[in-house]
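K.L.:
Pasting in a structure now, in C-alpha cells, and then I'll have a few things to ask.
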Amino acid sequence: MIVAAAADAGLSWNLVRDVRQMFAYPFMVNAFRAGTVVAVTAGATGWFMVLRRQTFAGHTLAVAGFPGAAGAVWLGLGATYGYFAFCLAAAFLIAAIPTAGGAAAGRAAESATVGTVQAFALACGFLFVNLYKGFLGGVNALLFGSFLGITDGMVLTLTAVAVAILAVLALFGRPLLFASLDPAVATAAGVPVRALSVAFLILLGSTAAEVSQITGTLLVFTLLVIPAATAQILTTRPALSLALTVLFGLLVTWAGLTVAYYSPYPIGFFITSFSFSLYLLARLAVHAHDLLDRTARTPHPARASA
Amino acid sequence: MTAETADTGLTAMFDHPFMQHAFLAGTGIAMAAGLVGYFLVLRAQVFTADALSHVAFTGALAALTTGIDARIGLFAATITVGFALGVLGPRGHADDVVIGSVFAWVLGLGVLFLTLYTTHRSTGNGTVGVTVLFGSIFGLDASHAWEAAVLAALLCLAVIVIGRPLLFASLDAAVAAGRGVPVRLLGVGFLGLVGATAAEATQAVGALLLLGLLAAPAGAAHRLATRPYRGMGISTAVAVAVTWAGLTTSYLAPRIPPSFAILAFATASYAVALTVTTRTATAIHPPVQSPATSTAQRSPTSS
Chain A
357 MIVAAAADAG LSWNLVRDVR QMFAYPFMVN AFRAGTVVAV TAGATGWFMV
407 LRRQTFAGHT LAVAGFPGAA GAVWLGLGAT YGYFAFCLAA AFLIAAIPTA
457 GGAAAGRAAE SATVGTVQAF ALACGFLFVN LYKGFLGGVN ALLFGSFLGI
507 TDGMVLTLTA VAVAILAVLA LFGRPLLFAS LDPAVATAAG VPVRALSVAF
557 LILLGSTAAE VSQITGTLLV FTLLVIPAAT AQILTTRPAL SLALTVLFGL
607 LVTWAGLTVA YYSPYPIGFF ITSFSFSLYL LARLAVHAHD LLDRTARTPH
657 PARASA
Chain B
199 MTAETADTGL TAMFDHPFMQ HAFLAGTGIA MAAGLVGYFL VLRAQVFTAD
249 ALSHVAFTGA LAALTTGIDA RIGLFAATIT VGFALGVLGP RGHADDVVIG
299 SVFAWVLGLG VLFLTLYTTH RSTGNGTVGV TVLFGSIFGL DASHAWEAAV
349 LAALLCLAVI VIGRPLLFAS LDAAVAAGRG VPVRLLGVGF LGLVGATAAE
399 ATQAVGALLL LGLLAAPAGA AHRLATRPYR GMGISTAVAV AVTWAGLTTS
449 YLAPRIPPSF AILAFATASY AVALTVTTRT ATAIHPPVQS PATSTAQRSP
499 TSS
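Chains as they are written, first to last, in my numbering: chain A, 357 to 662; chain B, 199 to 501.
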C-alpha cells in the first residue's frame, strides 16, 4: 500500500482512497496525532483565556517560545525543551510583574510591561538565530510551524503534557470559572483568586509551548483564541461552549492538515483561514438570529404588512 | 581618512556610509516611535500596536509578492488597519478578542504571501521573511534613509500639532468632549499615525520588534515623569539614546544584530525605570495603597 501511495500522491477526490493514502505516511499519522492532542489542549485552555480576557498575555507567552526553541537549537538541545522552559519562565515573569510594580502600577504601565517582555523575547530569539549560523531557513519553521518531522517521541511528550494540563484544568475548572467570572465575589467566598490566576498563567504557558511545536510561535494564537471566541459567541452556557471550542479546534486542525498535505502552501495559512471563517460565520449566524428574533417578537403592524 | 575606512574602531564609525544611513534613519524613527509610543501607553493601546506589527509583516510581503516596493504595502496596510481599528474601536470598546482573531488571520495571510514570494518569484530569496520580521537597518541606502528620516520628522510634527488636544482627550475623554474637542476624530487620526509609525519602525527593527521601540521607552517615561510634556521629552530621548547605543554596539560587535541590540537597551532602560521608581515609591510612602490605581485590591471591598 505504501508503494501505491508513494507512486501517486495527488488528490483523486475519492475520499476513502485519499485519506488512506495520506495515512500511509507515518509522518502524516504523527501529524494528525499531535494535531489532535494540541487542538484539544489549546481549546480547553484558550476557552478560559478568552473568558478571562488575557489575550495579550497569551500572545506574549506564545511568542516567548521562539527564543526558547532558537536557543535550544543553538545549544544543541531539542527545541521541545526550549519551548517549555521559556514559555513557563515567561508565565512566571508576567505573574510576578504586576505585584512588583507596586502601588504606582496602573493598567497602562502593565500593558507596556507585557509589550516590552514580548518584543525582548523575540529579539533574543533573533540573536540566538544569528549566533547559530546557517539556521536562517529554520526560522520560518519555528515562527510559522511545520507538521513535518514529528517523531513518535514528540507525540508521546505532547500527550503526557496535555494529559497533565487537562487534569489540572478538570480539577480546578470550577473555582477557576468562578474566579474568572466574578473575582470579587469569589474572593469573598474564600476562593484563592490570586493563586488561581498564577496557576492559570502557568497552564497557559505550558499550552503555548505545546501548540508552538505544530503551529509555530506566531500562530499559536489562532488555536488559542479563535475557536474559543467562536464558541463564546454562539452560546453562554459554559459546558456547551467549552465542548464547542474543542470541536472547532479539532475541525480546523484536521482540515488544515489535510489541505496542507495536498497543497504547496503552508499549514499556518489554512488553519488561520479556516478558524477565521468559522468565527465570521458564527458572528453572521448570531446576527441573523438576533434579527429574526427581534422581528418575530415585535409584531409591528407596518412590518407585518410589508 | 580613506585609509581608515577598513578600521572597525569607534572613531571611524561614521566613515562608513551604511552607519551614517543607519544613524540618520534610526534617529528619526526613534523620535517618532518615542513620541507616538508615549500616547500609546497613555491610552493603554499597546495591544493595538501589537496587532499593527503583524499587519506590517503581511503588508510588506503582499507588496513584494506582487512586485511593488515593500514600503508601499507596508504603509498602506498599517495605516488602513490603524484607521479601521480606530473607527471600529469605540463601538466594540477595545475588544482584544476581536483584534486578536483578526490579526491571527492576517498573520496567516502573511505566511501565504511569504511562501508565494519565496517559491514563485525568480528574484525571491529565502531570508526576505526574516528581514521583514527583524529589520535590516544596516541595509538602508542613502535615499531610503533620507526618506525614512523626512517621514519620521513629518510624523513628529503631526503628533506635536495634535498633541495638546490629544493629551486632553486621552486623560479625560468626557470633559474634553464637553469642551468641544473632537475626541473620536482624534482617536482615529492617532491610530492612523500609529500605523505610519509602525511602518517606519519596521524598516529599522522589523515588524516583530517595533512593539518594543514603541512600548519600552514610553513605559519608562511614564514611570519617571507624571508631567506630560516632560514625559514626552523623556520618552523621545530614551528612544533615540537606545537606538544610538544599539547601533554602536552592533557596529563594534558585528555578531550581534542591530535590532537585538536596540531592543536590549530599550528593555534595560525600562527595567531601570521600573526598579528606580519602585524603590523611591516604597521609600517615600511605604505601605500606603493608592486607591486610584490598585483597582484589583479595591474591587472586593467595594462590591
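Positions of the beta carbon are idealized from the N, C-alpha and C atoms, including for glycine.
Quick caveat: nothing in here was measured; it's all calculated off a predicted structure.
Can a CB atom of chain B be found closer than 7 Å to the CB of A/L647?
P.N.:
Counted from its first residue, the first sequence places residue 647 of chain A at position 291. False, the Cβ-Cβ gap to chain B never drops below 7 Å.
K.L.:
Which term fits A/T416, buried or exposed, when burial requires 16 or more other beta carbons within 10 angstroms of its beta carbon?
P.N.:
On the first sequence, position 60 is the one that residue 416 of chain A refers to. Buried.
K.L.:
For A/S467, would you say it is in contact with chain B, using Cβ-to-Cβ distances shorter than 7 Å as the test?
P.N.:
Residue numbering aside, residue 467 of chain A sits at position 111 when the first sequence is read from its first letter. Answer yes: the Cβ-Cβ gap between A/S467 and chain B drops below 7 Å somewhere.
K.L.:
Taking the alpha-carbon of A/K389 as reference, which of A/E566, A/L648, A/V576, A/Y621 has the nearest alpha-carbon?
P.N.:
Translated into the one-based positions of the first sequence, residue 389 of chain A becomes position 33. The sequence given here places Arg at residue 389 of chain A; Lys does not occur at that position. Out of A/E566, A/L648, A/V576, A/Y621, A/E566 has the C-alpha closest to the C-alpha of A/R389.
K.L.:
Just the C-alpha distance for B/G429 and B/A242, rounded to the nearest angstrom, thanks.
P.N.:
Along the second sequence, one-based indexing puts residue 429 of chain B at 231. Along the second sequence, one-based indexing puts residue 242 of chain B at 44. Answer to the nearest angstrom: the Cα atoms are 15 Å apart.
K.L.:
Quick check on DSSP: helix, strand or coil for B/S241?
P.N.:
The residue labelled residue 241 of chain B in the question sits at position 43 within the second sequence. It should be pointed out that residue 241 of chain B corresponds to Arg in this sequence rather than to Ser. Coil at B/R241, not helix or strand.
K.L.:
Using the Cα positions of A/V549 and A/P539, report the straight-line distance between them to the nearest angstrom.
P.N.:
As a first step, residue 549 of chain A is located in the first sequence; it is residue number 193 there, counting from the start. As a first step, residue 539 of chain A is located in the first sequence; it is residue number 183 there, counting from the start. One C-alpha to the other measures close to 7 Å.
K.L.:
When we look at the beta-carbon of B/H252 and count the other beta-carbons within 10 Å, is it buried (16 or more) or exposed?
P.N.:
For the purposes of this step, residue 252 of chain B is taken as the residue at position 54 of the second sequence. Buried: at least 16 other Cβ atoms inside 10 Å.
K.L.:
Less than 8 Å between C-beta atoms, sequence neighbours within five positions excluded: which residues of the same chain meet that for A/A398?
P.N.:
For this step, residue 398 of chain A is matched to residue 42 along the first sequence. Closer than 8 Å at the Cβ level, and outside the excluded window around A/A398, lie T563, E566, V567, V576, L579, L580, P583, G605.
K.L.:
What residues in the segment 437-457 of chain B bring their beta carbon closer than 7 Å to a beta carbon of chain A?
P.N.:
The residues in question are R453, I454, P455, S457.
K.L.:
Are three or more beta carbon pairs between the segment 493-509 of chain A and the segment 622-629 of chain A nearer than 8 Å?
P.N.:
Enough Cβ pairs lie closer than 8 Å, so yes.
K.L.:
Take every Cβ of the segment 252-265 of chain B, pair it with every Cβ of the segment 393-404 of chain B, and state whether three or more of those distances are shorter than 8 Å.
P.N.:
Yes, the segment 252-265 of chain B is in contact with the segment 393-404 of chain B.
K.L.:
Flag this pair as touching only if the segment 225-239 of chain B and the segment 415-431 of chain B have three or more C-beta atom pairs under 8 Å; answer yes or no.
P.N.:
Short answer: they touch.
K.L.:
CA-CA distance, B/V300 and A/F632?
P.N.:
Here residue 300 of chain B is taken as the residue at index 102 of the second sequence, counted from 1. Here residue 632 of chain A is taken as the residue at index 276 of the first sequence, counted from 1. In a straight line, the C-alpha of B/V300 is about 7 Å away from that of A/F632.
K.L.:
Under the rule that 16 or more other beta-carbon atoms within 10 Å means buried, what is A/F383, buried or exposed?
P.N.:
On the first sequence, residue 383 of chain A is found 27 positions in, with the first residue counted as 1. The residue in question, A/F383, is exposed, as its Cβ has fewer than 16 Cβ neighbours within 10 Å.
K.L.:
Nearest to B/H342 by alpha carbon, out of B/T465, B/V474, B/M211, B/A220?
P.N.:
Your numbering for residue 342 of chain B matches position 144 in the second sequence. It is B/A220 whose Cα lies nearest to the Cα of B/H342.
K.L.:
Does the ligand HEM have even one heavy atom less than 6 Å from the beta-carbon of A/A545?
P.N.:
Inclusion of the ligand HEM in the displayed structure is not the case, the ligand content being empty and no account of it being possible.
K.L.:
Note down, in chain order, each residue of its chain lying with its Cβ closer than 7 Å to the Cβ of B/A231, except the 5 sequence neighbours on either side.
P.N.:
Residue mapping note: residue 231 of chain B aligns to position 33 of the second sequence, counting from 1. If we look at B/A231 and ignore the five residues flanking it on each side, its Cβ neighbours are T395, A399, L411, L412, A437.
K.L.:
Nearest-angstrom Cα distance between B/A451 and B/T263?
P.N.:
Position 253 of the second sequence, counted from the start, is the residue given in the question as residue 451 of chain B. Position 65 of the second sequence, counted from the start, is the residue given in the question as residue 263 of chain B. Going from the Cα of B/A451 to the Cα of B/T263 covers about 34 Å.
K.L.:
Is it the case that the segment 349-367 of chain B contacts the segment 376-393 of chain B, given that we only count it when at least three CB pairs across the two stretches are under 8 Å?
P.N.:
Verdict: yes, contact present.
K.L.:
So A/L557 and A/A420 are in contact, right, with Cβ under 8 Å, and what is the actual spacing, rounded?
P.N.:
Reading the first sequence from its first residue, position 201 is the one you call residue 557 of chain A. Reading the first sequence from its first residue, position 64 is the one you call residue 420 of chain A. Not confirmed; about 12 Å, so no contact.
K.L.:
Once the 5 residues before and after A/S467 are set aside, which same chain residues still bring their CB inside 7 Å of it?
P.N.:
As a working note, residue 467 of chain A is residue 111 in the first sequence. Closer than 7 Å at Cβ, skipping near neighbours: F412.
K.L.:
Exposed or buried, what is A/G391 when buried is set at 16 or more other beta-carbons lying within 10 Å of its beta-carbon?
P.N.:
Within the first sequence, the letter at position 35 stands for residue 391 of chain A. With 16 or more Cβ atoms within 10 Å of its Cβ, A/G391 is classed as buried.
K.L.:
Which residues of chain B have a Cβ atom closer than 8 Å to the Cβ of A/F625, listed in chain order?
P.N.:
Residue numbering aside, residue 625 of chain A sits at position 269 when the first sequence is read from its first letter. Ordered by position in chain B, the residues that pass the 8 Å Cβ test against A/F625 are G306, L307, V309, L310, T313.
K.L.:
What does the alpha-carbon distance come out to for the pair B/T441 and B/I227?
P.N.:
Position 243 of the second sequence, counting from 1, holds the residue named residue 441 of chain B. Position 29 of the second sequence, counting from 1, holds the residue named residue 227 of chain B. Approximately 9 Å, taken between the alpha carbons.
K.L.:
In three-state DSSP terms, what is A/T591?
P.N.:
Within the first sequence, the letter at position 235 stands for residue 591 of chain A. It is coil, neither helix nor strand.
K.L.:
Output yes if chain A places a C-beta closer than 7 Å to the C-beta of B/T465; else output no.
P.N.:
Looking up residue 465 of chain B in the second sequence gives position 267. Taking Cβ atoms only, chain A reaches closer than 7 Å to B/T465, which makes this a yes.
K.L.:
Tell me whether A/Y381 sits in a helix, a strand or coil according to DSSP, three-state version.
P.N.:
In the first sequence, residue 381 of chain A corresponds to position 25, counting from 1. The answer is coil: DSSP assigns A/Y381 none of H, G, I, E or B.
K.L.:
Between B/L408 and B/D248, is the Cβ-Cβ spacing less than 7 Å?
P.N.:
The residue you call residue 408 of chain B lines up with position 210 of the second sequence. The residue you call residue 248 of chain B lines up with position 50 of the second sequence. The answer is no: Cβ separation not under 7 Å.
K.L.:
Can you list, in chain order, the residues of its chain whose CB lies under 8 Å from that of B/V326, leaving out five sequence neighbours each side?
P.N.:
If you number the second sequence from 1, residue 326 of chain B lands on position 128. For B/V326, where only same-chain residues beyond five positions count, the Cβ hits under 8 Å are L259, L262, L312, Y315, T316.
K.L.:
To the nearest angstrom, how far is the alpha carbon of A/H645 from that of B/V309?
P.N.:
Working through the first sequence from its first residue, we reach residue 645 of chain A at position 289. Working through the second sequence from its first residue, we reach residue 309 of chain B at position 111. Near 34 Å, if we compare the C-alpha coordinates of B/V309 and A/H645.
K.L.:
Cutting at 6 Å between CB atoms, please list the residues of its own chain near B/H214, excluding the five before and the five after it.
P.N.:
Along the second sequence, read from residue 1 onward, the residue named residue 214 of chain B stands at position 16. Within the same chain, B/H214 has no close Cβ partners at all.
K.L.:
Go through its chain and collect everything with a Cβ distance to A/S597's Cβ below 6 Å, but skip five positions before and after it.
P.N.:
For the purposes of this step, residue 597 of chain A is taken as residue 241 along the first sequence, with counting starting at 1. Contacts found: A587, Q588, T591.
K.L.:
Please go through the same chain and pick out, in chain order, the residues whose beta-carbon is closer than 6 Å to the beta-carbon of A/N386, but skip the five residues on each side of it.
P.N.:
Indexing the first sequence from 1 puts residue 386 of chain A at position 30. Cβ neighbours of A/N386 beyond the five flanking positions: I506, V511.
K.L.:
Going along the chain, which residues of the segment 348-369 of chain B sit with their C-beta nearer than 9 Å to a C-beta in chain A?
P.N.:
Against chain A - using a Cβ distance shorter than 9 Å - the segment 348-369 of chain B contributes no residues.
K.L.:
Take the Cβ of A/Y439 as the centre, count every other Cβ of all protein chains shown within 10 Å, and call the residue buried at 16 or more, exposed below.
P.N.:
Locating residue 439 of chain A in the first sequence gives position 83, counting from the first residue. That one is buried.
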